[in-house]
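Input: a single structure, listed below in structure tokens.
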Amino acid sequence: MEKKIAILTDIHGNHSALKTVLEQIDKAKEVEHIYCLGDLVGIGYETNEVLELLFSHDNISFVLGNHDEAILDIIAGRQPYSKGKEKAHHEWIASHLNPKFISYLSEIPTTLNAKYNGKELHFTHYHLNGQNEFYSVDKEPTEMKLDELYRTSTADIVCFGHHHVIHHFKTKERLYLNPGSLGCNLKPLAPFAILSIGECGEINVSFLEIPYDNKEFLLGYKTLNVPDSDYILKIFHGNQHLKYL
15 MEKKIAILTD IHGNHSALKT VLEQIDKAKE VEHIYCLGDL VGIGYETNEV LELLFSHDNI
75 SFVLGNHDEA ILDIIAGRQP YSKGKEKAHH EWIASHLNPK FISYLSEIPT TLNAKYNGKE
135 LHFTHYHLNG QNEFYSVDKE PTEMKLDELY RTSTADIVCF GHHHVIHHFK TKERLYLNPG
195 SLGCNLKPLA PFAILSIGEC GEINVSFLEI PYDNKEFLLG YKTLNVPDSD YILKIFHGNQ
255 HLKYL
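Note that the working numbering has the sequence shown beginning at 15, numbered continuously upward.
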């Protein structure tokens, strides 16, 4: 029997986008599991709403993203990777996090593996070095570079996020897949992917973009005085809020 899974990543505290995508997936009733590849929080400010929705589903598995890790570090009194305005933003997010979610976030692993119809899948927020730390974003990825990074992996499919644009690379070794950021987009669209694996191991990928109403979410940055909101609205949302002012 064909297996279908959904791949989501980089929700970044955008509840409106997440709710729209999960409603679409639930309505289809053909996806047997959802994999969420990190950065549940940060950048966007709807932290508790996003986590409430995600953790209320029993068919979602998670890996930890760098923003999630930064928030946990701040809460634990450790120094996060972030500095300057980004650190101030993370401290604001951490201060507004409902404490009931700390244990949930703390239990999220860095990587996950699964198997469907004989195909091995590896899930991570982004590529990791030997110290289990995320590499810097490679803005010019190639099949050759990816194969070198995963030369010791037995996975047939590697799914990741972090870099907010779509990746779809197929080599002799494996398929590499990044559906793009669900919560950060220059248009009111929420992207994700459906991965289908047939009985004989045949693979099909569908990239979807679901339109949603982002007006209230965008205007909320200013209403709530979210730190670094000017930069966030420009870089991650393309100043879409200006049409509502």
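Positions of the beta carbon are idealized from the N, C-alpha and C atoms, including for glycine.
Pull up the distance between the alpha-carbon of residue i and that of residue j, whole angstroms please.
| i | j | result |
| --- | --- | --- |
| residue 31 | residue 227 | 8 Å |
| residue 159 | residue 191 | 14 Å |
| residue 148 | residue 37 | 31 Å |
| residue 222 | residue 208 | 8 Å |
| residue 24 | residue 59 | 13 Å |
| residue 150 | residue 177 | 10 Å |
| residue 215 | residue 45 | 17 Å |
| residue 96 | residue 82 | 12 Å |
| residue 73 | residue 137 | 16 Å |
| residue 183 | residue 172 | 10 Å |
| residue 186 | residue 78 | 28 Å |
| residue 210 | residue 125 | 21 Å |
| residue 170 | residue 142 | 17 Å |
| residue 193 | residue 259 | 31 Å |
| residue 107 | residue 48 | 25 Å |
| residue 189 | residue 92 | 36 Å |
| residue 145 | residue 71 | 32 Å |
| residue 235 | residue 251 | 11 Å |
| residue 164 | residue 180 | 19 Å |
| residue 249 | residue 218 | 32 Å |
Return the residue from the list the options that minimises the CA-CA distance to residue i.
| i | options | result |
| --- | --- | --- |
| residue 174 | 150, 16, 52, 218 | 52 |
| residue 168 | 105, 134, 197 | 134 |
| residue 132 | 15, 243, 251, 250 | 15 |
| residue 224 | 75, 252, 198, 238 | 198 |
| residue 243 | 130, 103, 154 | 103 |
| residue 42 | 50, 57, 20 | 20 |
| residue 90 | 105, 157, 76 | 105 |
| residue 57 | 239, 153, 75 | 239 |
Per DSSP, which one or two residues make a beta bridge with residue i?
| i | result |
| --- | --- |
| residue 258 | Its beta-bridge partners do not exist; DSSP assigns none. |
| residue 204 | 224 |
| residue 141 | DSSP lists no partner for residue 141. |
| residue 191 | 173, 182 |
| residue 211 | 17, 217 |
| residue 49 | 21, 75 |
| residue 130 | 133 |
| residue 56 | 58 |
| residue 148 | 142 |
| residue 125 | 138 |
My assumption, with CB atoms under 8 Å, is that residue i sits in contact with residue j. Please give the rounded CB distance.
| i | j | result |
| --- | --- | --- |
| residue 61 | residue 22 | Wrong, their Cβ atoms sit about 16 Å apart, outside the cutoff. |
| residue 55 | residue 27 | 5 Å |
| residue 254 | residue 232 | 6 Å |
Any 3 or more C-beta pairs closer than 8 Å across the segment 196-211 and the segment 28-43: yes
Sufficient close CB pairs (3 or more, under 8 Å) joining the segment 110-125 to the segment 63-75: yes
Segment contact flag, the segment 73-92 with the segment 118-128, C-beta cutoff 8 Å, min 3 pairs: yes
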